[in-house]
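Read through the structure below, which is laid out as structure tokens, and then see the notes.
Protein chains in written order, with this note's numbering: chain A, 4 to 154; chain B, 49 to 225.
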């Protein structure tokens, strides 16, 4: 039973990389360097239909149209920023899988620092609360310890 | 005493977060909040320039002169069929509605309109879906209110219901009429 379950899990996991290979070879740009750039840009752009996939990973029609536009603009020699800004002008920052650092995303980008600060403060406070280490043993106590250890 | 109170901090945090999530869920249930909604970049901006073929088709320049409701739809879109009665009611109320068929074959569009009735004063076709991208359309149906100056004033994603019309569209139509 558990072996069958494991096998099923392996099969499912094995199928995951295949889901990435949606790209139709006809879509790709003839120049492999331009194609690699287009893929890099596409990976930063959210599919507006499925929303949790990039346009490179999505099978949606709109994602295919957007992939095509990204490739057209790469071939036309536009920069990464220009291409991303072109899409942001139409779909807003929502289209970016990596939100830009600005006032409205301050908490989002600042949260790791914030978490570190809160954790650091907690550690400092906990250390301050810890009772001081006991004073070293005096001569009489050392003699008693030695006697106990020797027996 | 002070340290006991400190124990309440996590509970307080959970309580605040819970109240927040509850408010989010309630607003989602009332249709006022949708985390998946892509905000429109066009509000307050002139409609993007375009020319669409159709019967007789129209261009962005044709939208200037009076407020027009522009409805993106497709024959293959189930919620569009659902929305058809709402659009027909609006047409009867005298609201000019122009339609844009998105990624749809002309014959299929014609069949759809014959079946549900055509609320559209003019019909454009965006078969490649390229103009839709300039509008920031993410799917069909989507409805935009363009004012007399050709500026986008309102957008609604998904099928409009009688509630949408009375709560959102009518006030904004009165404002820009």
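Don't be surprised by glycine CBs; every beta carbon is placed ideally from N, CA and C.
Predicted model, so just to flag it, every value in this text is computed and none were measured.
- Evaluate the contact criterion for the region 105 to 113 of chain B versus the region 130 to 138 of chain B: three or more CB pairs, one atom per stretch, below 8 angstroms. no
- Residue span of the alpha helix (DSSP H) that contains residue 114 (chain B), given as start and end: Here residue 114 (chain B) belongs to no alpha helix (DSSP H), and DSSP marks it neither H nor E.
- Query: Between residue 77 (chain A) and residue 90 (chain A), which are expected to be in contact by the criterion C-beta below 8 angstroms, what is the C-beta distance as a whole number of angstroms?
  - Reply: Actually they are not in contact, since the Cβ atoms of residue 77 (chain A) and residue 90 (chain A) sit about 13 angstroms apart, beyond 8 angstroms.
- Which whole-angstrom value is the C-beta distance of residue 102 (chain A) and residue 111 (chain A), which I expect to be below 8 angstroms? 6 angstroms
- Please list the residues of the region 41 to 71 of chain A that have a C-beta atom closer than 8 angstroms to any C-beta atom in chain B, keeping them in chain order. 51, 52, 54, 64, 65, 68 and 69
- Message: Between A:125, A:54, A:34 and A:60, which has its C-alpha nearest residue 80 (chain A)'s C-alpha?
- Response: A:34
- Query: Taking 9 angstroms as the CB-CB cut-off, is residue 98 (chain A) touching chain B?
  - Reply: yes
- Near residue 108 (chain B), what residues of its chain come up, given a Cβ to Cβ distance below 6 angstroms and the 5 sequence neighbours on each side ignored? 95, 97 and 98
- Item | residue 193 (chain B) - partner residues in DSSP beta bridges | B:117 and B:202
- Query: At which residues does the beta strand (DSSP E) containing residue 149 (chain B) begin and terminate?
  - Reply: 145 to 150
- Cβ pair residue 64 (chain A), residue 80 (chain B) closer than 9 angstroms: no
- Spatial neighbours of residue 207 (chain B) within its chain, please: CB distance less than 6 angstroms, with the 5 preceding and 5 following residues excluded, ordered by chain position. 127, 130, 131 and 189
- Residues from the region 74 to 97 of chain B in contact with chain A, defined by Cβ distance under 7 angstroms: 84, 86, 87 and 89
- Item | Validate contact between the region 186 to 205 of chain B and the region 76 to 90 of chain B using beta carbons, cut 8 angstroms, 3 pairs | yes
- For residue 167 (chain B), which residues of its own chain have a beta-carbon under 6 angstroms away from its beta-carbon, when the five flanking residues on both sides are left out? 135, 136, 139 and 145
- Item | Where residue 57 (chain A) sits in the DSSP three-state scheme | strand
- Message: I want to verify the contact list: residues of chain A whose CB lies under 8 angstroms from the CB of residue 182 (chain B), in sequence order.
- Response: 93
- Task: Indicate the three-state DSSP secondary structure (helix, strand or coil) for residue 63 (chain B) in the structure shown.
- Result: helix
- Where does residue 83 (chain A) fall in DSSP's three states? helix
- Query: With burial defined as no fewer than 16 other Cβ atoms inside 10 Å of the residue's Cβ, what is the status of residue 72 (chain B): buried or exposed?
  - Reply: exposed
- Query: If you compare alpha carbons, which of A:140, A:7, A:141 and A:100 is closest to residue 58 (chain A)?
  - Reply: A:100
- In the region 147 to 159 of chain B, which residues sit with their C-beta less than 7 angstroms from some C-beta in chain A, listed in chain order? 151
- Message: Does chain A have any CB closer than 9 angstroms to the CB of residue 68 (chain B)?
- Response: no
- Task: Quickly, what does DSSP pair residue 99 (chain A) with across the bridge? List them, please.
- Result: A:48
- Message: Counting only C-beta atoms, is residue 189 (chain B) closer than 9 angstroms to chain A at any point?
- Response: no
- Query: If you count every other CB in all the chains shown that lies within 10 Å of the CB of residue 217 (chain B), and 16 or more means buried, which is it?
  - Reply: buried
- Is residue 159 (chain A) helix, strand or coil by DSSP? Past the edges of chain A, shown from 4 to 154, lies residue 159 (chain A), and the structure says nothing about it.
- Could you round the C-beta distance between residue 74 (chain A) and residue 39 (chain A) to whole angstroms and report it? I think they count as a contact, below 8 angstroms. Not quite, the Cβ-Cβ distance comes to about 12 angstroms (not below 8 angstroms), so this is no contact.
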